[in-house]
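**Student:** In our numbering, the protein residues as written are -2 to 389. Cβ atoms here follow ideal geometry from the backbone N, Cα and C, with glycine treated the same way.
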C-alpha cells in the first residue's frame, strides 16, 4: 500500500475478507493461508508508533480495520524495518500489516516486495514442521493496494500453477475501473493487452510480464538457486541500480524485470483469462503520464535485454522457442516505430481528408509533439514548477 484512500483500501480488504470466508476446498488450514500488507511511506523520520499511527494514511487503514471490519488489532511490535501489527478476519485468516521505515528499507514497490520475500523466508524457517513437502506447494498471491478480486479468480490461478511444475507465475485478467475519456481509453488498452498480447505470448511461449496487481508466484521459482547461474531470482532482484539502463529495468518496471528473471531461470509464465480482478486506473493526466513514462521505458529496456541475451534465454528455457523470439523482436520494432507511425497517420489524414498541403500537414503532425516535449522539459527542469506534468 502507498497513499491509498479508505475507499481504495476497502477494495483490497473486502477481497481478503471474501477469501477468508471461502470454502475449505481452497483453504484447508488457516495456518497455511495468511495475508500480509507492506505499507510504504509510513514514516516521515525515525518516529515512534504514537507518531506513525497519526500519519494520515496509516490512520485511514487503522480506521477501516477497526470501524468498518470490526477487527481487533494487536499491540504494535517494533521490527528492524519499522513496525508490524497483527489481526484476524472472522474465520481465522491472519492479517499482518508491516509499516516500512524508509530510513531502514528503501521506498518503492521493489523494496516492499523484497521485504515481503524476507518475511516469507523467516516464516518458513520458523515453521518447518508445517511444510513437510518442502516449498513446491507454496504460492504467493501479489496484489496492489487498490485491487479488488474474487476468490474464484484465486482458485483459477492456483489451478493453472498446480497443473504444471514448470509454471513459475500466473497472471489474471485485470479490469481497470474509472469514469471519463482517460479511463475509457485504458479500459480499451487493457483489453487489447490481455486479449491479444498476453494471449499470444501464452500460446507462442511464455508471458513476458506478470503484473503485480493480481498474480500468483511459485515460491520455489523465486527462492531456489539456479544450478548454472548460481543464484536465485530473489538474489538477483535485490540488485542495486548502477547505470541508466539498470534504473529503467530495476526500478521503473519491477514486475517486468521480476518476470524476466523467472524466464532467465527457466520458468514458464502463463495467463489465466478467467481469473478476473479490478483495479482503479489513473484518472488524471498527471497520474497517467507518470505511470506510462515508467511502463514504456521499462518495457523497451527489458525487451532489449531479453533480445540481447536471446541465446541464453533460448537454451535455458524450453518455452522460449524460435517463433516466440520472432514475435518478441517484431513487438520491439513496432514499439520503436509507433510514434513515427502515428505522425505519418496524422499527416496522411490531413492530406487525404482535408486536402492540406503536404508540408503544412507534416508541420502540424510534428509540431504538436515537439511543443509538448519542450513544455515538459522546460517546466520539469524548473524546480519552482512542481506541477510540470499537469501544466504540460
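Reducing DSSP to helix, strand and coil, say where residue 366 ends up.
**Tutor:** Residue 366: helix per DSSP, three-state reduction.
**Student:** Suppose you measure from the CA of residue 417 to the CA of residue 305; what does that come to, to the nearest Å?
**Tutor:** Absent from the structure is residue 417, since the part of the chain shown begins at -2 and ends at 389.
**Student:** In angstroms with no decimal places, state the Cα-to-Cα distance between residue 5 and residue 181.
**Tutor:** If I take the Cα positions, the gap works out to 19 angstroms.
**Student:** Quick test of your reading: residue 260 and residue 310, contact by CB under 8 angstroms. State the CB separation rounded to the nearest angstrom.
**Tutor:** Going by Cβ atoms, the distance from residue 260 to residue 310 rounds to 7 angstroms, so yes, they are a contact pair.
**Student:** Does DSSP put residue 275 in a helix, in a strand, or in coil?
**Tutor:** The answer is strand: DSSP assigns residue 275 an E or B state.
**Student:** Taking its Cβ as the centre, do 16 or more other Cβ atoms sit within 10 Å of residue 28, making it buried, or is it exposed?
**Tutor:** The predicted position of residue 28 is uncertain, since its pLDDT is 44 and thus under 50; no value can be drawn from it.
**Student:** What are the boundary residues of the alpha helix (DSSP H) that residue 48 is part of?
**Tutor:** Element bounds for residue 48: 46 to 49.
**Student:** Comparing C-alpha positions only, which one of 286, 108 and 168 sits nearest to residue 179?
**Tutor:** Looking at the Cα atoms, 286 is the closest of the given residues.
**Student:** Alpha carbon to alpha carbon, how far is residue 302 from residue 291? Give it in angstroms, no decimals.
**Tutor:** Roughly 16 angstroms between the two C-alpha positions.
**Student:** Please report the distance separating the alpha-carbon of residue 93 from that of residue 167.
**Tutor:** In a straight line, the C-alpha of residue 93 is about 24 angstroms away from that of residue 167.
**Student:** Kindly indicate the opening and closing residues of the alpha helix (DSSP H) around residue 323.
**Tutor:** Residue 323 -> alpha helix (DSSP H) spans 319 to 351.
**Student:** From this set, 333, 201, 173 and 244, which residue's C-alpha is nearest residue 105's C-alpha?
**Tutor:** The candidate whose alpha carbon is nearest that of residue 105 is 244.
**Student:** For residue 334 and residue 205, what's the separation of their Cα atoms in angstroms?
**Tutor:** Near 20 angstroms, if we compare the C-alpha coordinates of residue 205 and residue 334.
**Student:** Is residue 13 buried or exposed, if buried means 16 or more other CB atoms sit within 10 Å of its CB?
**Tutor:** Result: buried.
**Student:** Which of the three DSSP states is assigned to residue 53 in this structure?
**Tutor:** Three-state result, residue 53: helix.
**Student:** What are the boundary residues of the alpha helix (DSSP H) that includes residue 258?
**Tutor:** Residue 258 -> alpha helix (DSSP H) spans 251 to 261.
**Student:** If you draw a straight line from the alpha carbon of residue 223 to that of residue 255, how long is it in whole angstroms?
**Tutor:** In a straight line, the C-alpha of residue 223 is about 15 angstroms away from that of residue 255.
**Student:** Checking 8 angstroms against the spacing of the C-beta atoms, do residue 32 and residue 153 come in under that value?
**Tutor:** Contact flag unset, no.
**Student:** What residue range does the beta strand (DSSP E) around residue 215 cover?
**Tutor:** Where residue 215 is concerned, the enclosing beta strand (DSSP E) stretches over 211 to 215.
**Student:** Going along the chain, which residues of its own chain have a beta-carbon closer than 6 angstroms to the beta-carbon of residue 15, five neighbours each way excluded?
**Tutor:** Taken in chain order, the residues that qualify are 148.
**Student:** Return the chain-ordered list of same chain residues with a C-beta closer than 6 angstroms to the C-beta of residue 46, the five sequence neighbours on each side being excluded.
**Tutor:** Excluding sequence neighbours, residue 46 sits near 73 and 80.
**Student:** Distance check for residue 111 and residue 327, CA to CA, integer angstroms please.
**Tutor:** Roughly 33 angstroms separates the two Cα atoms.
**Student:** Determine the burial state of residue 26: buried for a count of at least 16 other Cβ atoms within 10 Å of its Cβ, exposed for fewer.
**Tutor:** Any reading at residue 26 must be qualified, since the residue scores a pLDDT of 49, below 50, and its modelled position is unreliable; no value is offered.
**Student:** Given this structure, state the Cα-to-Cα distance separating residue 56 from residue 44, to the nearest angstrom.
**Tutor:** When rounded, the distance between both Cα atoms is 15 angstroms.
**Student:** Thinking C-alpha only, which one of 374, 341 and 188 is nearest residue 360?
**Tutor:** Closest option to residue 360, Cα to Cα, is 341.
**Student:** At what residues does the beta strand (DSSP E) containing residue 185 begin and finish?
**Tutor:** Residue 185 -> not in any beta strand (DSSP E); alpha helix (DSSP H) instead, spanning 178 to 189.
**Student:** Can you check which of these residues, 40, 267, 58 and 192, is closest to residue 101 by C-alpha distance?
**Tutor:** It is 40.
**Student:** Find out if the Cβ-Cβ distance for the pair residue 246, residue 295 is shorter than 8 angstroms.
**Tutor:** It is a contact, given that the beta carbons lie within the stated cut-off.
**Student:** In whole angstroms, give me the CA-to-CA distance for residue 175 and residue 280.
**Tutor:** Distance between the alpha carbons of residue 175 and residue 280: 7 angstroms.
**Student:** Sort out for me which residues DSSP pairs residue 265 with in a bridge.
**Tutor:** According to DSSP, which records beta bridges pairwise, residue 265 is partnered with 164.
**Student:** Going by Cα to Cα distance, which pick from 232, 298, 184 and 123 is closest to residue 240?
**Tutor:** Measuring from the Cα of residue 240, the nearest candidate turns out to be 298.
**Student:** Can you check DSSP and say which residues form a bridge with residue 35?
**Tutor:** Note: residue 35 sits in a beta bridge opposite 95.
**Student:** Per DSSP, what are the beta-bridge partners of residue 139 in this structure?
**Tutor:** According to DSSP, residue 139 bridges with 212.
**Student:** Taking the C-alpha atoms as reference points, what is the distance between residue 248 and residue 230?
**Tutor:** Their backbone Cα atoms lie some 16 angstroms apart in a straight line.
**Student:** Tell me the rounded alpha-carbon separation between residue 320 and residue 313.
**Tutor:** Roughly 16 angstroms separates the two Cα atoms.
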